[in-house]
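Each remark here refers to the structure printed beneath this line.
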Amino acid sequence: MRYTTLGTSGTIVSTQCLGTMTFGAEADEEASGSILDAFAEAGGTFLDTADVYSKGVSEEITGRWLRSHPEDAARMVVATKGRFPMGEGHNDVGLSRRHLRQALDASLTRLGVEHIDLYQMHAWDAVTPLEETLRFLDDAVAAGKIGYYGFSNYLGYQVTKAVHTAREHGWTPPVTLQPQYNLLVRDIEHEVVPACLDGGLGLLPWSPLAGGWLTGKYQRNTTPTGASRLGEDPERGMEAYGPRNSDERTWAVIDAVAEVAKEQGVTSAAVALAWVAAQPAVTSVILGARTVEQLTDNLAAADLDLAADQLSHLSAVSSPRMDDYPYGAAGIAQRHRVIG
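Each number in my numbering comes from the position in the sequence shown (counting from 1) with 25 added on.
Structure follows, in structure tokens:
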């Protein structure tokens with residue numbers, strides 16, 4: 026395992042983070058405990074959960090494990106999130122001071138801790154003034170309830186606006202952003218990554234294996250079946266089989282990943298994870314697992330360094346498609362100039 030700072034903060038975390046969205050849903054408590062044991066044994070020190078994962082059950086399972094493993098718990102940096110509905114009321118959702126106060130206190134209780142290291146806003150809230158959210162987070166830091174805060178699923182302008190609003194008021198600044206990022210989903214490179222580099226936020230990519238696609242387990246024109254996310258639900262959200270199967274870019278990327286995996290003598294999953302970890306601003310890559318075996322396979326990427334030509338090959342094959350304006354060659358030409 027390797028280690029780095031959490032964004033621009035002074036807190037050290039493992040460069041692989043265990044995501045717990047499967048806990049209480051795809052992994053029962055016994056399986057979840059085994060996954061946590063394996064992660065800690067491998068040197069992992071960073072856990073990521075959210076109140077909405079299994080409606081609080083993920084936090085509860087994580088909290089019971091932390092209490093039963095005090096030595097491991099002392100090394101863990103624990104992150105959770107709030108924003109999405111946890112009840113039926115008008116104020117049971119969003120980033121208002123009222124909802125975040127309730128959500129944070131509830132997360133502290135479920136996790137069985139007095140302090141959360143990283144508290145993340147799970148998505149932008151168009152209803153609540155940004156100043157209200159940021160002031161609450163600054164107060165939560167001052168009260169010792171959280172150490173740092175970050176965002177998830179924010180657009181580039183939203184990140185920049187938050188960073189500069191915090192600076193303007195002298196409030197604690199954000200340290201991380203958690204976006205979807207993988208070899209099949211790279212559009213954040215247009216605006217979100219530059220905004221994070223400019224604002225000093227570390228990236229915590231979720232779905233680095235594109236919902237399992239980059240492991241190579243799915244086959245062209247063969248609808249998945251069996252005990253996998255798409256096997257159980259082929260039309261599952263952004264990972265749905267049909268649209269990606271019909272896109273030639275998908276299979277070009279999968280083939281390139283398999284080629285590099287063969288050269289390195291590792292799994293396709295390890296190659297895909299190593300590519301994400303090598304990208305600018307990335308602090309820690311979030312691993313999701315149903316079983317210890319899946320986690321063990323993914324942990325193999327922790328110490329994998331891809332050669333420069335392999336990184337370039339993967340980046341070229343997976344290059345996001347774009348029109349000429351504003352992100353294509355014509356748009357780029359308008360934003361840059363040569364001095365000389």
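Where a beta carbon is used, it is the ideal one built from N, C-alpha and C, also for glycine.
| Item | Value |
| --- | --- |
| Per DSSP, G107 forms a beta bridge with which residues? | M146 |
| Give the DSSP-derived three-state secondary structure of D330 in the structure shown. | coil |
| Measuring CA to CA, which of G195, D142, T250 and P233 is closest to A302? | P233 |
| Contact defined as beta carbons within less than 8 Å: I believe H43 pairs with G69. What is the distance between those atoms, to the nearest angstrom? | What sits at residue 43 in the sequence shown is Leu, not His. So it is a contact: roughly 6 Å between Cβ atoms. |
| Smallest Cα separation from T201: which of W231, R135, R211 and G195? | W231 |
| Which two residues bound the contiguous alpha helix (DSSP H) that contains I364? | Run containing I364: none; DSSP gives neither H nor E here. |
| My understanding is that Q289 touches V296, with C-beta atoms under 8 Å, so please give their C-beta distance in whole angstroms. | 7 Å |
| From V218 to G195, what distance separates their C-alpha atoms? | 24 Å |
| Taking C-beta to C-beta, are D212 and P345 nearer than 7 Å? | yes |
| Report the option in T316, A151 and D150 whose CA atom is closest to the CA atom of S253. | T316 |
| Please tell me whether G119 and V152 are closer than 7 Å, where the distance is taken between their beta carbons. | yes |
| Between the stretch 44-59 and the stretch 78-92, can you find at least three pairs of beta-carbon atoms closer than 8 Å? | yes |
| By alpha-carbon positions, which one of Y173, L91 and T29 ends up nearest to S57? | L91 |
| Can you look up D6 in the DSSP assignment and give me helix, strand or coil? | Nothing about residue 6 can be reported from this structure: the residues present for the chain run from 26 to 365 only. |
| Buried or exposed, going by whether 16 or more other CB atoms sit within 10 Å of the CB of D258? | exposed |
| On a Cα-Cα basis, can you pick out the residue from L155, E96, A75 and T33 that is closest to G62? | Here residue 62 turns out to be Asp, not Gly, going by the sequence shown. Measuring from the Cα of D62, the nearest candidate turns out to be E96. |
| Quick one: Cα of V291 to Cα of D328, how far? | 12 Å |
| Using a Cβ-Cβ cut-off of 7 Å (strictly less than) and excluding sequence neighbours within five positions of G313, which residues of its own chain qualify? | G44, M46 and T47 |
| From the DSSP output, read off the bridge partner residues of N207. | V210 |
| Quick check on DSSP: helix, strand or coil for W276? | helix |
| Going by DSSP, what residues sit across from C42 in a beta bridge? | I311 |
| Tell me whether T316 sits in a helix, a strand or coil according to DSSP, three-state version. | coil |
| Among L208, V184 and D164, whose alpha-carbon lies nearest the alpha-carbon of V342? | L208 |
| Measuring alpha carbon to alpha carbon, tell me which residue in A65, P305 and V102 is nearest Y206. | P305 |
| Check each candidate in A235, D280 and R245 and name the one with the smallest Cα separation from V310. | A235 |
| On the criterion of 16 or more Cβ atoms from any shown chain inside 10 Å, does G237 qualify as buried, or is it exposed? | buried |
| Per DSSP, which residues does D73 bridge with? Please list them. | G44 and A104 |
| Mind checking E318: buried by the 16 CB within 10 Å criterion, or exposed? | exposed |
| Which residue or residues does DSSP assign as beta-bridge partners of Y350? | DSSP lists no partner for Y350. |
| Would H147 pass as a contact of S177 if the rule is Cβ separation under 7 Å? | yes |
| Report, in whole angstroms, the separation of the C-beta atoms of A187 and L155, which I expect to be a contact under 8 Å. | 6 Å |
| What are the start and end residues of the beta strand (DSSP E) that includes Y173? | I171 to S177 |
| Do you know whose CA, among S93, L136 and G169, lies nearest Y78's CA? | L136 |
| Assuming L229 contacts F64 under a Cβ cut-off of 8 Å, what Cβ separation, rounded to an integer in Å, is found between them? | 16 Å between Cβ atoms; not a contact. |
| Report yes if the CB atom of L331 is closer than 7 Å to the CB atom of A354, and no otherwise. | no |
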